[in-house]
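This report concerns only the one structure given below.
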Amino acid sequence: MSTILIIEQVLNGLQSGVMLFLMAAGLTLIFGVMGLINLAHGSLYMVGAFAAAAVAGVTGSFLLALLAALAAAAAAGVLVETLVIRRLYAADHLDQVLATFALILIFSEGTRLIFGSFPLYLDIPSWLSGPVTLPGGIQYPLYRLALIGAGLAVALALWVLIERTRIGIQIRAGENDREMIAALGVDISKLYTLVFALGAALAGLAGALVGAIQSVQVGMGEPVLILAFVTIVIGGIGSIKGAFVGAILVGLTQTLGSVFLPVLFRLFLEPATAMSLGASLANMAVYILMSLVLIFRPAGLMGARA
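At position 292 of the sequence shown the residue is numbered 292 (our numbering), and the sequence of numbers has no breaks.
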């Protein structure tokens, strides 16, 4: 097995991880501040992808497509929070699950009504297409490197927002004692709307960025949502740092497992059996990782201990 292949797959895992972080960060913010289980978060990922594909198809501009994804997902988030979610904060978690599951169906059928059932395609811009030569002579797609850079830049900006700004102080205070910050004069409803819109915008951005390397289709957000939940459980619910660490671990585990486990089993088993068993274990790898983390650190890697 060549060193070049290993490095390429590690980079693929990092790219997958930083995109997953954009989903998980919004999800953990919403749950940490509002205590809300939002199953419709994957639908906002889909909204961003479809908005980007539609705008890119009309204008031919990838940057305008990204702005459209951010705006559309944030607007959808504000609309959902104002009309539906705001009535669920005091509700039981089961009510939240049922209501947000209904939103998944509404978004899916609404998107199918507007765009049809066939997938859309978002082209990689010419200035980000083609490979780039890395040290050691490794050829790697420039767009995937750009995704890693964009994800890291967003992670840094989000950390600055949460840790170094006044609104970040309010968000962190809202996680710990929402009644107290309301008593101190903070408009808690506006804060909740802002947090929900921010989480929705991050999900929409992730959908738009990933939409250029896969098809944009109805239901594309649900598999990513499941991995985002796994990510925040591993990292610690309510922790942005935990979401980042968990996303990188999940991305690397999923990518490296799908490539190298079948190769490993071929040393001991027949090729067909090795491929089948390796693929099955690769799909299970992130859940095994989550189980191991929960055994030794029930609150997650960076979650607050009781």
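The C-beta atom is built at its ideal place from N, Cα and C for all residues, glycine as well.
Predicted model only: the values in this text are computed from it and were never measured.
Review point. For residue 115, which residues from the same chain have a beta carbon less than 7 Å from its beta carbon, with the 5 sequence-adjacent residues on both sides left out?
Key: 50
Exercise for review: Please classify residue 176: is it buried, with 16 or more other beta-carbons within 10 angstroms of its beta-carbon, or exposed?
Suggested key: Here residue 176 is exposed, its C-beta having fewer than 16 other C-beta atoms within 10 Å.
**Study point:** Exposure of residue 106, with buried meaning 16 or more beta-carbon neighbours within 10 Å
**Key:** Burial check for residue 106: the Cβ neighbour count within 10 Å stays below 16, so the residue is exposed.
Point to revise | Same chain, Cβ closer than 8 Å to residue 9, five either side skipped, listed in chain order | key: 255, 256, 259 and 260
Review point. Exposed or buried, which one is residue 300 when buried takes at least 16 other CB atoms within 10 Å?
Key: Residue 300 is buried by the Cβ-count criterion.
Check your understanding: CA-CA distance, residue 66 and residue 291?
Key -> 36 Å
Review point. Unbroken alpha helix (DSSP H) runs of length 4 or more, entirely within the stretch 218-285: which are they?
Key: Taking only runs of at least 4 residues, the alpha helix (DSSP H) segments lying wholly in the stretch 218-285 are 221-235 and 240-265.
**Study point:** Backbone secondary structure at residue 287 - three-state DSSP
**Key:** helix
Review point. Thinking C-beta only, is residue 29 closer than 7 Å to residue 216?
Key: no
Review point. Is the stretch 19-26 close to the stretch 86-94, with three or more CB pairs under 8 Å?
Key: no
Exercise for review: Could you tell me whether the Cβ atoms of residue 142 and residue 132 are closer together than 7 Å?
Suggested key: yes
**Study point:** Spatial distance of residue 34 from residue 158 (CA atoms)
**Key:** 18 Å
Exercise for review: Could you name the residues of the same chain whose beta carbon sits closer than 8 Å to that of residue 11, not counting the 5 residues immediately before and after it, in chain order?
Suggested key: If we look at residue 11 and ignore the five residues flanking it on each side, its Cβ neighbours are 140, 144, 145 and 148.
**Study point:** Contacting residues, own chain, Cβ-Cβ under 6 Å from residue 129 (five flanking each side not counted)
**Key:** Excluding positions up to five away in sequence, the list is empty.
Check your understanding: Among residues of its own chain, excluding the 5 on either side of residue 241, which ones have a beta-carbon nearer than 7 Å to its beta-carbon?
Key -> 302
Review point. Whose CA, out of 213, 42 and 63, lies closest to the CA of residue 15?
Key: Taking the Cα of residue 15 as reference, the smallest distance to any Cα among 213, 42 and 63 is reached at 213.
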